[in-house]
Amino acid sequence: MKLHEYQAKHIFSRFDIPVPKGKIANTAAEARQIASELGGNVIIKAQVLVGGRGLAGGIRLAKNPNEAGTLAATILGMEIKGLPVHRVLVDEAASIKEELYLGITIDRIEQCPIFMASSTGGVNIEEVAQTAPQKIVKVLINPLLGLRDYQARELAAGIDLPRDQWKIFTQIATSLWNIFTSNDATLVEINPLVLTKDKTLLALDGKITIDDNALPLHPDLAEMRDLDAEVPEEIEARKYGLTYIKMDGSIGCMVNGAGLAMATMDIIKLHYGEPANFLDIGGGANADRVSAAMRIILQDPSVKSILINIFGGITRCDEVARGILSAINDIKPSLPIIIRLAGTNANEGMKLLADKNLTTADTLVEAAKKAVMAAHGDQDGDPG
Ligand code: GDP
Ligand code: MN
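Just so we're aligned, residue 17 is where the sequence shown starts under the numbering used here, counting upward by one.
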């Protein structure tokens, strides 16, 4: 889950990272009022959960409260990369001398958190990483030790930060680390972290991404969720306790268990098919859940066949089969459905499905082959 800039900046300031003075506005009139409180010289910033707002015209400088009102009205009427702007942040304008980058994320290859800093902040950091990787300084963090002061100095030296800024830089980096760990973040980023003309460091933009799996531990953060930027099917799936992730292929997958769902996708790809989604219906898949899962899969117009792969442990295959039948009865899907059941009560389950004009398979490989054939237009899904 991503936080908005203004939410990230609230958290920054709670952890003593310097941010510009500012407030959030829902209307142009509010923006004008805030601008006059801040002395008139402000920057108006669209609060949408995408990067590159500046280039899209969603970030504008105003010289006085009236101009702030006019610009806010324009920005509040905009859509940026398909997302409507509901709020703008009105911040005191900063006098920028240099734009830097400072961020933490998880390095999956090194399997630990990684701190990154760059003297070329402000711009798209992914682009810097590709075109001029030497301009990004990286320091791996031992999660049990946390960020050590010498590592913060290594970052400061690596981006040629003036010596008189090292102390405050170390404080900012330490706070960023504390934000990262105490909120179960997967990303915290200040871009740009600016050195102002009066020689202070200031976080002008903030991005925080929270690990969804940790949200139950952080009800205050969970409340901040903005669904505008999320895939509608994923929101719907969450309501039913399903884990659904949309992908680009044509074979809809319904599987119990995350590991089996991954294996199912692998086997589909091995047989030259492309999964349309990851979907874990969890244990105890009852009729309601199976129906919800099927509806969600079918909302994706690129789905051409559905592969249902269930391993019965505590979950009984006959119960899942009843769920499938009731879902099919409700939804009456016109696509080929291929089902493989294994484990507890698999035979009973298969019997229930046998004369219902569904394609069944004994092994996952057979099921995958049939699903791939069916997605390519062979309606009965028979590879032979
Ligand atoms: P993003 O484009 O969505 O990442 O939005 P940012 O908040 O990073 O802003 C983009 C750019 O706007 C920054 O890199 C700065 O160059 C500029 N900017 C942001 N705030 C200010 C400000 O207070 N004063 C000035 N002069 N420029 C700003
Ligand atoms: Mn930015």
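Glycine residues also receive a C-beta, built at the ideal position from the N, C-alpha and C atoms.
Small disclaimer: the values here were computed from a predicted structure and weren't measured.
Start and end residues, alpha helix (DSSP H) containing residue i
i    : result
T216 : T216 -> no alpha helix (DSSP H), and no H or E assigned at all.
N82  : P81 to L92
T147 : I141 to T147
K386 : L380 to A391
A309 : A303 to L314
L368 : A362 to A370
R48  : A44 to E53
Neighbourhood of residue i by C-beta, 7 Å cutoff - its chain only, sequence neighbours within 5 removed
i    : result
N194 : F31
E170 : V155
Y256 : R305 and A308
A44  : G85, A88, A89 and L92
G162 : W193
I175 : L116, A133, S134, S135 and V153
S52  : P81
G137 : E115, L116, Y117, N207, P208 and L209
D346 : S307
G359 : F327, G328, G329 and C333
A277 : C269, V271, F294, L295 and D296
A362 : G328 and C333
T212 : A110, S111, I112, K113 and L218
A47  : A41, I60, A84, G85, A88, V104 and V106
K79  : G56 and N57
A383 : L323, N325, I354, R356 and A377
Same chain, Cβ closer than 6 Å to residue i, five either side skipped, listed in chain order
i    : result
S259 : In the sequence on display, residue 259 carries Thr and not Ser. Excluding residues within five positions, the ones whose Cβ falls inside 6 Å are D296.
A274 : D296
V35  : K25, F28, S29 and A219
A168 : T186 and A189
K18  : L65 and T225
L231 : A238
A343 : V306, S307 and M310
A387 : I267, S321, L323 and I354
E172 : A small correction: the amino acid at residue 172 is Ala; Glu does not occupy that position in the sequence shown. Within the same chain, A172 has close Cβ partners W182 and F185.
K97  : V66
V204 : I120, L192, I195, F196 and I224
Bridge partners - residue i, DSSP secondary structure assignment
i    : result
E114 : L211
P291 : I267
F131 : I120 and V155
V58  : A78 and E108
M260 : Contrary to the premise, residue 260 reads as Tyr rather than Met in this sequence. Note: Y260 sits in a beta bridge opposite L295.
E95  : P100
I125 : Answer by DSSP bridge pairing: none, since I125 is not bridged.
A358 : F327
K25  : Answer is none; K25 lacks a bridge partner.
A41  : V104
K255 : None, per the DSSP bridge assignment.
L408 : One cannot answer for residue 408 here, as it falls past the ends of the chain, which runs 17 to 400.
L19  : I224
Same chain, Cβ closer than 8 Å to residue i, neighbours up to 5 away in sequence not counted
i    : result
S318 : D264, G265, S266 and A292
D180 : K215
N140 : G67 and G68
P349 : M310, L314 and I322
L71  : none
A201 : I120, I195, I224, T225, I226 and D227
L99  : V64, L65, V66, D244 and A245
D316 : E249, K262, G268, A292 and N293
K372 : L341 and I344
L286 : A384
N-terminal and C-terminal residue of the beta strand (DSSP E) that residue i is part of
i    : result
D107 : V104 to E108
N325 : S321 to G328
T375 : T375 to A377
I33  : No beta strand (DSSP E) holds I33; DSSP gives it neither H nor E.
A245 : Where A245 is concerned, there is no enclosing beta strand (DSSP E), given that its DSSP letter is neither H nor E.
L286 : No beta strand (DSSP E) holds L286; the alpha helix (DSSP H) holding it covers A274 to L286.
G347 : Before going on, a small fix: residue 347 reads as Ile here, not Gly. Element bounds for I347: not the beta strand (DSSP E) but the alpha helix (DSSP H), C333 to I347.
Proximity test, Cβ basis, 7 Å: residue i and chain D
i    : result
M366 : Looking for chain D here will not work: only one protein chain is present.
Contact test: residue i Cβ vs the ligand SAM heavy atom, cutoff 6 Å
i    : result
G268 : As presented, the structure is devoid of the ligand SAM, carrying the ligand GDP and the ligand MN as its sole ligands.
In chain order, what residues place their C-beta within less than 6 Å of a heavy atom belonging to the ligand MN? Put simply, the residues with a CB less than 6 Å from any heavy atom of the ligand MN are N207 and D221, in chain order.
Can you give, in chain order, each stretch of the alpha helix (DSSP H) that sits fully within the segment 168-243 and has at least 4 residues? 182-198 and 235-238
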